[in-house]
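I have placed the structure first, in the form of structure tokens, so that the comments after it can refer back to it.
Residue numbers (the working numbering): 421 to 726.
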């Protein structure tokens, strides 16, 4: 078990307060590179929760019976994909906590549990894709994206210059009612959605130190309908560039390089965003490498061969 890393155990009023999070109802969750799915049904509804007051994201399982929390500082990248999915990349060996909601009236206590309610599906996760239900509005997803960008920046300022970030302002600005897509506030009147979006987006665009890049719901890669990657093959003595289909398999890529350059090699690697050399051995590894490039909003890949 990862343990109670966020100190929320027993704080039923904190986790259940609808003014402390944005909720996105989910159709399914996809976990990569294992390609495991967790599907929502009428009996076992799923939800993504952006807990901005606690600096967490959460996966709610079985109609809020179980919850898995992941601190924002365990996330490398978050964006909204062309398919309107919430996509996150996680740190290696990321930390998480598991909770169970006790049955009872009012705000029953939240219990930290040892057992993983996903039966270990998240253990080796690198990416998680959250597919919203069809009724979730696009503005809700953009609010989650912009809010995470802004909160991450504020948290970074606490570390970098000693001044506290304005998380209370984030909370104030995010309290919006929108067709049930966002948590209803019973204590504060909702502010206008256009003003909040303008405020959040102008903040992230004007600050050079934002940790999460500002990404539109459709990246420039997808706007141009690009179907090929620009791949630089780095050999021991030279660098060669090729265009290769995004849909091509790992073996097809190897065959293409061998036929094009007449090269032989035993080891293939790519460099991830934290400059780690990751071995490529099969289609699963290849899909992760391509997905990393797409998460960056780019069509370029550097592949090292030796």
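Using N, Cα and C, we set each Cβ at its ideal position, and we do this for glycine too.
Since we're looking at a predicted model, the values are computed, not measured.
Residue j beta carbon less than 8 Å from that of residue i
{"i": "residue 448", "j": "residue 485", "result": "no"}
{"i": "residue 552", "j": "residue 481", "result": "no"}
{"i": "residue 452", "j": "residue 708", "result": "yes"}
{"i": "residue 556", "j": "residue 702", "result": "no"}
{"i": "residue 499", "j": "residue 715", "result": "yes"}
{"i": "residue 719", "j": "residue 700", "result": "no"}
{"i": "residue 458", "j": "residue 508", "result": "no"}
{"i": "residue 648", "j": "residue 672", "result": "no"}
{"i": "residue 563", "j": "residue 477", "result": "no"}
{"i": "residue 568", "j": "residue 492", "result": "yes"}
{"i": "residue 475", "j": "residue 542", "result": "no"}
Residue environment, residue i, which counts as buried when at least 16 other CB atoms sit within 10 Å
{"i": "residue 680", "result": "exposed"}
{"i": "residue 463", "result": "exposed"}
{"i": "residue 663", "result": "exposed"}
{"i": "residue 540", "result": "exposed"}
{"i": "residue 697", "result": "exposed"}
{"i": "residue 657", "result": "exposed"}
{"i": "residue 402", "result": "Not covered by the structure: residue 402. The range shown for the chain is 421 to 726."}
{"i": "residue 675", "result": "exposed"}
{"i": "residue 578", "result": "Note that residue 578 scores 46 on pLDDT, short of 50, meaning its location in the model is unreliable and no value can be drawn from it."}
{"i": "residue 635", "result": "Low confidence applies here, because residue 635 scores a pLDDT of 30, under 50, leaving its location unreliable and the question unanswered by this model."}
{"i": "residue 661", "result": "exposed"}
{"i": "residue 684", "result": "exposed"}
{"i": "residue 704", "result": "exposed"}
{"i": "residue 659", "result": "exposed"}
{"i": "residue 535", "result": "exposed"}
{"i": "residue 494", "result": "buried"}
Range of the contiguous alpha helix (DSSP H) that encloses residue i
{"i": "residue 494", "result": "Counting along the chain, residue 494 falls outside any alpha helix (DSSP H), and DSSP gives it neither H nor E."}
{"i": "residue 704", "result": "703–715"}
{"i": "residue 670", "result": "670–681"}
Limits of the beta strand (DSSP E) - the one that residue i falls within
{"i": "residue 506", "result": "506–510"}
{"i": "residue 550", "result": "547–552"}
{"i": "residue 654", "result": "648–654"}
{"i": "residue 693", "result": "Unbroken run through residue 693: none, as it is neither H nor E."}
{"i": "residue 722", "result": "720–725"}
{"i": "residue 685", "result": "Premise fails: residue 685 is in no beta strand (DSSP E) and is neither H nor E."}
{"i": "residue 532", "result": "530–532"}
{"i": "residue 517", "result": "517–521"}
Residue i in three-state terms, based on DSSP
{"i": "residue 444", "result": "strand"}
{"i": "residue 542", "result": "coil"}
{"i": "residue 628", "result": "Only weak support exists for where residue 628 lies, its pLDDT of 28 falling under 50; the value from the coordinates is given anyway. Coil at residue 628, not helix or strand."}
{"i": "residue 463", "result": "coil"}
{"i": "residue 450", "result": "strand"}
{"i": "residue 561", "result": "helix"}
{"i": "residue 484", "result": "coil"}
{"i": "residue 389", "result": "Lying outside 421 to 726, the shown extent of the chain, residue 389 is not represented and no answer is given."}
{"i": "residue 663", "result": "strand"}
{"i": "residue 469", "result": "strand"}
Among the options, the one whose alpha carbon lies nearest that of residue i
{"i": "residue 723", "options": "652, 475, 703 and 533", "result": "652"}
{"i": "residue 516", "options": "487, 507 and 496", "result": "487"}
{"i": "residue 483", "options": "460, 560 and 720", "result": "460"}
{"i": "residue 565", "options": "699, 718, 677 and 497", "result": "497"}
{"i": "residue 468", "options": "513, 511, 493 and 561", "result": "561"}
{"i": "residue 490", "options": "471, 457, 506 and 655", "result": "471"}
{"i": "residue 546", "options": "455, 685, 570 and 554", "result": "455"}
{"i": "residue 682", "options": "441, 544, 725 and 711", "result": "725"}
{"i": "residue 504", "options": "559, 713 and 660", "result": "559"}
{"i": "residue 479", "options": "692, 518 and 717", "result": "518"}
{"i": "residue 650", "options": "721, 474 and 473", "result": "721"}
Distance cut-off 7 Å: residue i Cβ against heavy atoms of the ligand MG
{"i": "residue 440", "result": "Because no ligand of any kind appears in the structure shown, any question about the ligand MG cannot be addressed here."}
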